[in-house]
Amino acid sequence: MGEISEADKFLFDIQGYLILRGAIDRDLVDALDQAVVENEAIEHDESWAEGIPGVRGTHFIRDLNIENQVRLNGLPRLDQVFDKLIAHPAIMSYLEAFIGEPQLVNTWSISKYEGRAATGWHNGIKADEYLVRNGEIYSPMVNVVTMLTENHPGDGCFCVIPGSHKRNLDLAPEWKTAGLETPGAVEITGDPGDVMIFTEALTHAGSDKTTKRRRTTLQYNHVHRSRACPMWDSHNARHYWMPPSIRARFSPEQKALTHWMDYATPDRSISGSERIDDPPA
Ligand SMILES: O=C(O)CCC(=O)C(=O)O
1 MGEISEADKF LFDIQGYLIL RGAIDRDLVD ALDQAVVENE AIEHDESWAE
51 GIPGVRGTHF IRDLNIENQV RLNGLPRLDQ VFDKLIAHPA IMSYLEAFIG
101 EPQLVNTWSI SKYEGRAATG WHNGIKADEY LVRNGEIYSP MVNVVTMLTE
151 NHPGDGCFCV IPGSHKRNLD LAPEWKTAGL ETPGAVEITG DPGDVMIFTE
201 ALTHAGSDKT TKRRRTTLQY NHVHRSRACP MWDSHNARHY WMPPSIRARF
251 SPEQKALTHW MDYATPDRSI SGSERIDDPP A
């Protein structure tokens, strides 16, 4: 892991995103993809979440709420292979350069199937929260998208409006779900193992899925340590926190990137939340 290049910093600042081609090895991509497919096929016990404030019926671990799409939330709960993208050596120096002191919050997959319509444009943070001071980039939220399958035109790829993390005007309502028809929009295409890193101040969406094959990406979202709190996305908050029994298997770098979880005070009756040094009940 080292310093990132000035060219990468410049490009990220001017576009709001970077694409790292072939950043993740093919063997890992295949193992991740298999874990997504397996976990999309089963129901997940979420009884531990009953009674947690903010839990809404539409945001389960396996979220089938949207037609022709499956979303899985809180990936390391589902398979250990998902740990491997936490603090990944190909990505870590970008997170440090763009956030400063990053912490991991939610992790989720999105698989799209033929007919999934273009999504609405959105941002995780406001455009005026993206700052550059004295040559240092400060984006309080940065998302890392890993492509597990082809993301070719028509596959329902991410689309973004380059430069919109610095925009001064709101998008007119008529363009709300216009996908690639929206002025300035571009599609983010790539192949398995390619990664897009973007500031969540960037206006982004998903474009229409017209091809027959499945298209899957993983999203690992990070915030500055001062924001490592789930208030901004309360309906997904329970998926962020990983219990000690899961974090026990993390490397020192992965533990450091999830350090805020040490300070969360879970209800000990939630399965997996007991301290690993607690005596067996
Ligand atoms: O893949 C997509 O449709 C875009 C997903 C997205 O914008 C998000 O998860 O915030």
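Position one of the sequence shown corresponds to residue 1 (the numbering used here), numbered consecutively onward.
Backbone N, C-alpha and C define an ideal beta-carbon position, used for all residues, glycine too.
Everything numeric in this text was worked out from a predicted model, so none of it was measured.
Exercise. Go through its chain and collect everything with a Cβ distance to N39's Cβ below 6 Å, but skip five positions before and after it.
Key: Within its own chain, the residues whose Cβ lies closer than 6 Å to the Cβ of N39, once the five positions on either side in sequence are excluded, are L72, L78, listed in chain order.
Self-check item: Candidates A185, T107, E50, A7, of which the one nearest V36 by Cα
Solution: It is T107.
Quiz prompt | Cβ-based burial, I125 [other Cβ within 10 Å; buried from 16] | solution = It is buried - the Cβ of I125 has at least 16 other Cβ atoms within 10 Å.
Quiz item: Should E181 be labelled buried (16 or more other beta-carbon atoms within 10 Å of its own) or exposed?
Solution: E181 should be labelled exposed.
Quiz item: Of the choices P252, D208, N143, H204, whose alpha-carbon is the least far from that of V195?
Solution: For V195, the closest alpha carbon among the candidates P252, D208, N143, H204 is that of N143.
Self-check item: Secondary structure of A281, DSSP reduced to three states
Solution: At A281, the pLDDT of 48 sits below 50, so the modelled position is not reliable; the number obtained from the coordinates is stated separately. The answer is coil: DSSP assigns A281 none of H, G, I, E or B.
Quiz item: With respect to 7 Å, is the separation between the Cβ of Q15 and the closest non-hydrogen atom of ligand 3 below this value?
Solution: Only ligand 1 can be found as ligands here, which leaves ligand 3 out of the picture.
Quiz item: Just the Cα atoms here: how many angstroms apart are S5 and E96?
Solution: When only Cα atoms are considered, S5 and E96 end up about 13 Å apart.
Exercise. State buried or exposed for Y263, treating a residue as buried only when at least 16 other CB atoms are found within 10 Å of its CB.
Key: Exposed, because fewer than 16 other Cβ atoms sit within 10 Å of the Cβ of Y263.
Quiz item: In the DSSP assignment, what residue or residues form a beta bridge with M147?
Solution: Answer by DSSP bridge pairing, in chain order: T217.
Quiz item: Is it right to say T258 is buried, meaning 16 or more other beta carbons lie within 10 angstroms of its own, or is it exposed?
Solution: So T258 ends up on the buried side.
Quiz item: Closest by CA to N65, which one among H224, K112, G190?
Solution: Selection H224, K112, G190 evaluated against N65 yields K112 as nearest (Cα-Cα).
Quiz item: Going by the beta-carbon positions, is the gap between A117 and I24 smaller than 8 Å?
Solution: Contact: no.
Quiz item: Given a threshold of 16 other Cβ atoms within 10 Å of its Cβ, counted over all protein chains shown, does L169 qualify as buried or as exposed?
Solution: By the neighbour-count rule (16 or more Cβ atoms within 10 Å), L169 is not buried but exposed.
Exercise. Leaving aside the five residues before and after K84 along the sequence, list all residues of the same chain whose C-beta is less than 7 Å from its C-beta, in chain order.
Key: In the same chain as K84, and ignoring 5 residues on each side of it, the C-beta atoms closer than 7 Å to its own belong to L28, in chain order.
Quiz item: Do you know how far the Cα of H224 is from the Cα of P244?
Solution: Pairing P244 with H224, the inter-Cα distance amounts to about 22 Å.
Quiz item: Whose CA, out of F82, G16, G74, D8, lies closest to the CA of D30?
Solution: The residue among F82, G16, G74, D8 with its C-alpha nearest the C-alpha of D30 is F82.
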